[in-house]
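Have a look at the structure below, then the notes.
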Amino acid sequence: MSELLVELLSEEIPARMQDPARCDFENLVLDGLKDADLAHGASRGFATPRRIALVVKDLPERQPDRIEMRKGPRVGAPDRAVEGFLKAVGLTSLDDCERRQQGKAEFWFSRHSVPGRPVREVLAHVVADAVGRLSWPKSMRWGDASMRYVRPLRGVLALFGGEALPGGVAIGGAEGQLNFSNCTRGHRFMAPGAFPVTGFADYETKLRAAYVLIDVEERMQRIRESAPEGVRLSGRLLAENAGLTEWPVSGVGDFDPAFLDLPPEVLVTSMKSHQRYFPVEDETGGLAPRFLFVANIEAFDGNAAVRAGNERVLRARLADARFFWDQDRTRRLEDLLPGLDKVVFHAKLGSVGGKVERLEQLAAWLTPFVPGAVVGLCRQAARLAKADLVTGMVGEFPELQGVMGRYYALGEGLDAEVAEALAAHYRPQGPRDDAPDAPVSIVAALADKFDTLAGFFSIDERPTGSRDPFALRRAALGIVRIVLENGLRLPLRQAIAAAQGGYGTEEGADSLLAFFEDRLKAHLRERGTRHDLVSAVFALGNEDDLTRLMARVAFLERFVDEEDGANLLAACRRAGSILAIEEKKDSTSYGADADPVAFVVEAERALHDALMQASAAASRAVEAEDFAAATQALAALRAPVDRFFDEVTVNAEDAPLRINRLRLLAGIRAATSGVADFSRIEG
Amino acid sequence: MTAAPSFQELILVLQRFWAGEGCAVLQPYDMQVGAGTFHPATTLRSLGPEPWRAAYVQPSRRPADGRYGENPNRLQHYYQFQVLLKPSPPDILDLYFASLAEIGINAREHDLRLVEDDWESPTIGAWGLGWEVWCDGMEVSQFTYFQQVGGYDCNPVSGEITYGLERLAMYVQGVENVYDLDFNGAGLSYGDVFHQAEREFSAYNFEHADTDALFRHFTDAERECAALVEAGLALPAYDQCILASHAFNMLDARGVVSVTERAAYIGRVRALARAAAGAWLRARGHLDAPA
């Protein structure tokens with residue numbers, strides 16, 4: 036039993052691509068081993084900025100012999116076909132073949148025993164194949180090579196049982212192939228020379244001595260352990276730093292405490308997004324004038340120059356930020372609005388300036404639907420919602436959009452509700468983000484999202500599969516959450532129409548409404564609500580008030596769980612399926628009222644009366660949004676419906692009688708339709 | 007660091023270093039360009055199979071980045087040192103790091119890092135993959151493996167290194183304001199040389215440039231480029247592409263190009279770059295004449 040060790044040494048791989056590549060490579064090699072009938076022990080993948088590596092334990096020395104079956108002609112095929120097959124597989128008689136059923140026919144199969152090849156030859160093929168098939172979000176060519184890889188591939192270490200595999204990886208060009216070797220290199224600057232290794236344990240030890248930690252977990256752990264108290268070690272930034280270093284060496288730098296009067300978001304963004312530094316907190320949980328940086332080197336001077344350099348860079352960044360902060364505050368947000376005409380919203384949908392004009396109108400339209408919202412403030416919030424996009428600070432740090440608008444508005448002395456809305460109108464930004472709950476924020480957030488959805492649907496830009504470049508799903512889900520979490524009574528259809536009015540179009544209203552239905556179902560599915568109940572209510576076609584819709588769904592949920600409800604549901608389904616068959620057969624609809632004069636048995640009359648009563652009561656109750664009463668009224672139908680099915684033959688010989696009875700069934704469908712389309716509910 | 011190199015010394019050291027690696031040390035292209043990449047020694051020479059190595063300083067004009075000489079880090083005119091190695095040799099990164107050591111940035115004393123940065127220039131229809139090079143957290147160079155230029159695949163692939171000279175000089179000299187840079191090691195500062203130009207050109211770019219004339223320049227250049235491509239004159243045609251690109255940058259700085267027009271203008275410059283690149287490849291026998 037021997038060990039396979041592979042390392043692909045390349046120029047620096049983007050941090051975000053390392054982990055997926057590590058998994059991909061491991062899977063490709065293991066799949067290759069499986070295809071080659073090679074059993075193996077534990078495997079483990081590794082990734083650093085320059086390496087994708089893999090070790091697989093306990094491989095056999097030889098590939099096991101295999102039996103290969105080759106398919107021949109059908110049993111009973113003409114002699115010529117049989118002879119041709121025997122010749123092709125090198126046999127003389129069918130005695131050496133066996134018959135096997137395949138599909139409806141029986142075929143001749145020949146048996147061949149294929150001796151296993153030496154494992155190192157098989158592995159050479161498996162590894163080369165896996166390297167070629169490794170997939171990257173973006174790949175490139177280099178020099179005169181024809182191979183594509185994430186960045187130039189410079190060496191392939193491939194050892195089996197301590198010796199390099201034969202062959203190599205074809206890269207094309209003058210070099211032709213990168214030979215498999217037993218050598219690797221250490222840290223780019225601290226141990227650049229090549230050295231041989233004999234196996235995984237040796238590889239790991241020697242690399243560690245050469246300032247390379249191949250395990251990303253260990254690199255993250257080192258950063259964690261070296262962090263002084265108060266460092267905010269967020270997971271993504273930690274992983275990114277571990278993906279930018281083979282030998283992480285942390286250091287703490289200082290900055291001038293005078294910068295602490297900048298908004299904390301500005302300081303944190305300056306540190307994190309551009310510099311990949313970790314912010315440090317003081318004892319009170321506020322920001323301390325310090326930061327943690329992670330270098331990829333142990334310099335001779337104990338990283339004094341590195342620290343001084345990083346401090347300088349941050350100083351320049353913060354000075355820039357201070358410049359923007361001072362500069363931006365010399366102008367009122369209102370005065371920035373003309374600049375929005377030059378910011379693209381979307382090539383086909385015009386500028387952000389145009390969007391803001393629509394938002395203001397839409398906000399005014401939405402205000403009456405949001406209790407407590409003052410129309411003047413809502414208009415102002417909508418008008419200023421995007422003004423910070425043309426401030427110097429947001430130009431430098433786009434992720435601070437909204438946040439800066441809020442600060443600048445407060446600085447100007449604008450209404451606090453308006454200021455809050457400038458930040459909150461982007462929310463909720465994801466499933467874990469809170470939906471806004473302040474009236475002006477709600478209006479601005481709804482206006483922004485409705486406008487975006489109406490615009491993109493009007494030009495037929497819709498999410499497909501996993502592609503949703505304009506975050507339209509998030510916008511629709513945001514509206515659903517804002518409406519439901521605040522109990523708003525907002526007619527969706529009208530809101531969509533109002534938003535479309537801003538674009539002067541009516542394109543895409545139905546598909547947008549259907550899109551909301553999908554988002555609502557997805558949202559409710561996560562919360563465990565049955566999506567068929569949502570469909571049953573949506574199918575009514577006139578229910579676009581999400582809050583009322585949810586009330587209906589909630590009652591329906593309870594109703595179908597009760598005995599009366601479940602029973603009525605079964606009866607409705609039965610009535611529905613009989614009707615569907617007969618209506619199809621007769622190519623007509625039995626929607627007209629049944630004629631009481633034509634009833635011949637008591638069960639017909641009883642059902643008819645019950646239907647009249649229940650239908651009227653249910654309609655009244657729905658009108659009053661008393662869904663408890665509506666479902667109760669429907670529950671009263673159970674006994675007469677059951678009796679009708681027990682005592683009456685719907686498809687009577689007598690044609691007029693049959694039609695009248697079918698009309699009664701249609702009456703059941705009609706009576707329940709005020710609450711939901713019961714045919715959509717799954718049993 | 008003792009006796010940090012002056013701004014001009016930095017250039018001289020880089021020129022000497024890359025001359026030693028077989029580069030033709032060229033002089034700046036005599037036209038207004040937005041980046042060193044626009045020099046035909048990079049754009050056009052990166053196309054076709056012939057090996058090529060060049061290094062040069064290129065003054066770069068970014069009219070919209072002007073700050074009237076008042077911002078310590080932003081200039082509407084600055085210098086890039088550009089290196090193009092075609093095909094990119096296997097030791098290209100080692101060469102680059104050796105060049106940094108020559109100007110006083112030793113890889114054992116500083117934290118040098120290659121951070122993902124994909125490069126794309128929609129105006130010349132070019133893209134490549136590579137990195138920003140960080141020195142102690144500061145970007146000092148851009149490193150790109152050209153995949154496409156003018157819409158044509160690069161084969162072989164060139165490695166392009168762009169040093170931001172002012173940034174680098176500020177770093178090695180420990181200066182926080184670009185105008186304080188020691189220019190010649192004999193008392194002359196960067197501000198002495200360029201401050202007035204920054205003030206005047208900012209005013210020109212933002213306030214005085216004649217936009218009607220610029221729109222005319224753009225369309226004139228477009229027409230002339232087409233005629234020159236027709237005549238099989240690749241380099242003159244490419245000059246017209248550069249003129250159009252600069253006219254567009256000026257119009258953009260003046261704020262007279264609307265959002266929707268912007269993309270259209272970029273597309274028009276790209277069409278010129280593509281036409282000139284095609285003419286270059288045809289003139290050198292690597293592309294058949296259009297049917």
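Protein chains in written order, with the working numbering: chain H, 36 to 718; chain Y, 7 to 297. Even glycine gets a Cβ: it sits at the ideal position worked out from N, Cα and C.
- Here the alpha carbons of Leu241 of chain Y and Pro46 of chain Y stand approximately 8 angstroms from one another.
- Between Arg524 of chain H and His558 of chain H, the CB-CB gap reaches or exceeds 9 angstroms.
- Counting only runs of 4 or more residues that sit fully inside the stretch 596–642 of chain H, the alpha helix (DSSP H) segments are 598–621, in chain order.
- Among the residues of chain H, none has a CB under 9 angstroms from the CB of Val178 of chain Y; the nearest is roughly 11 angstroms distant.
- With a threshold of 9 angstroms between beta carbons, Ser264 of chain Y makes contact with chain H.
- Taking 9 angstroms as the cut-off, the Cβ atoms of Gln246 of chain Y and Glu267 of chain Y do not count as close.
- For the options Y:Ala41, Y:Asp226, Y:Ala285, the alpha carbon positioned closest to that of Glu236 of chain Y is the one of Y:Ala285.
- For the stretch 275–295 of chain H, the set of residues with a beta-carbon nearer than 7 angstroms to any beta-carbon of chain Y comprises Leu279, in chain order.
- At a C-beta separation below 8 angstroms, Gly261 of chain Y has these neighbours in chain H: Lys377.
- Counting only residues of its own chain and dropping the five nearest sequence neighbours on each side, Val429 of chain H has a CB closer than 7 angstroms to the CB of Asp423, Leu435, Gln436, Met439.
- Contact note: Glu182 of chain Y reaches chain H through Arg347, Arg350, Ala351, Ala354, using a C-beta cutoff of 9 angstroms and chain order.
- Its chain contains Ala533 as the residues whose beta carbon lies nearer than 6 angstroms to that of Trp400 of chain H, once the 5 sequence neighbours on both sides are disregarded; these appear in chain order.
- Taking 9 angstroms as the threshold, the shortest C-beta distance from Tyr35 of chain Y to chain H does not fall below it.
- Under a 10 Å Cβ-count criterion, Thr48 of chain Y is classified as buried, with 16 or more other Cβ atoms of the shown protein chains found around its own Cβ.
- Contiguous alpha helix (DSSP H) elements confined to the stretch 84–129 of chain Y occur at 98–108, taking only those with 4 or more residues.
- Contact annotation, Ala641 of chain H with Arg678 of chain H: C-beta distance approximately 6 angstroms; criterion of less than 8 angstroms satisfied.
- Asp71 of chain Y has a beta carbon lying at 9 angstroms or more from every beta carbon in chain H.
- Gly54 of chain Y and Leu106 of chain Y have their C-alpha atoms some 30 angstroms from each other.
- By the Cβ neighbour-count rule, Glu252 of chain H is exposed, with fewer than 16 other Cβ atoms within 10 Å of its own.
- Shown here for Asp71 of chain Y: same chain residues with a beta carbon closer than 7 angstroms to its own, the five before and five after excluded, namely Arg80, Leu81, Gln82 in chain order.
- With 16 or more other Cβ atoms from the protein chains shown falling within 10 Å of its own Cβ, Asn276 of chain H counts as buried.
- With its beta carbon at least 9 angstroms from every one in chain H, Phe254 of chain Y lies outside the interface.
- By the Cβ-count criterion, Phe335 of chain H is exposed, with fewer than 16 other Cβ atoms from all chains shown falling within 10 Å of its own Cβ.
- With a cut-off of 8 angstroms on Cβ pairs, the stretch 305–318 of chain H is not in contact with the stretch 91–101 of chain Y, counting fewer than three such pairs.
- Sorting H:Arg85, H:Leu94, H:Ile87, H:Asn62 by C-alpha distance to the C-alpha of Ala74 of chain H places H:Leu94 at the top.
- Taking CB atoms only, Tyr246 of chain H has no neighbour in chain Y less than 9 angstroms away.
- Interface annotation for the stretch 318–334 of chain H against chain Y: Phe328, Ala330, Asn331, Ile332, Ala334, criterion Cβ-Cβ distance under 8 angstroms.
- At a Cβ-Cβ threshold of 9 angstroms, Lys556 of chain H and Ile514 of chain H do not count as neighbours.
- Against chain Y, a Cβ distance below 8 angstroms from Ala511 of chain H picks out nothing, because the smallest value is about 26 angstroms.
- The distance from the Cβ of Gln148 of chain Y to that of Glu138 of chain Y is about 6 angstroms, consistent with a contact at the 8 angstroms cut-off.
- With a threshold of 16 other beta carbon atoms within 10 Å, His214 of chain Y falls short and is exposed.
- If the five residues before and after Val157 of chain H are omitted, its C-beta is found closer than 7 angstroms to the C-beta atoms of Ala71, Leu73, Gln98, all from its own chain and listed in chain order.
- For Val572 of chain H, the closest of H:Leu126, H:Gly563, H:Arg583 by C-alpha to C-alpha distance is H:Arg583.
- Listed in chain order, the beta strand (DSSP E) runs fully inside the stretch 236–281 of chain H amount to none, counting runs of at least 3 residues.
- Residue nearest to Asp469 of chain H within the set H:Glu496, H:Lys92, H:Leu519 is H:Leu519 (criterion: CA-CA distance).
- Cβ proximity to chain Y below 9 angstroms picks out nothing from the stretch 522–552 of chain H.
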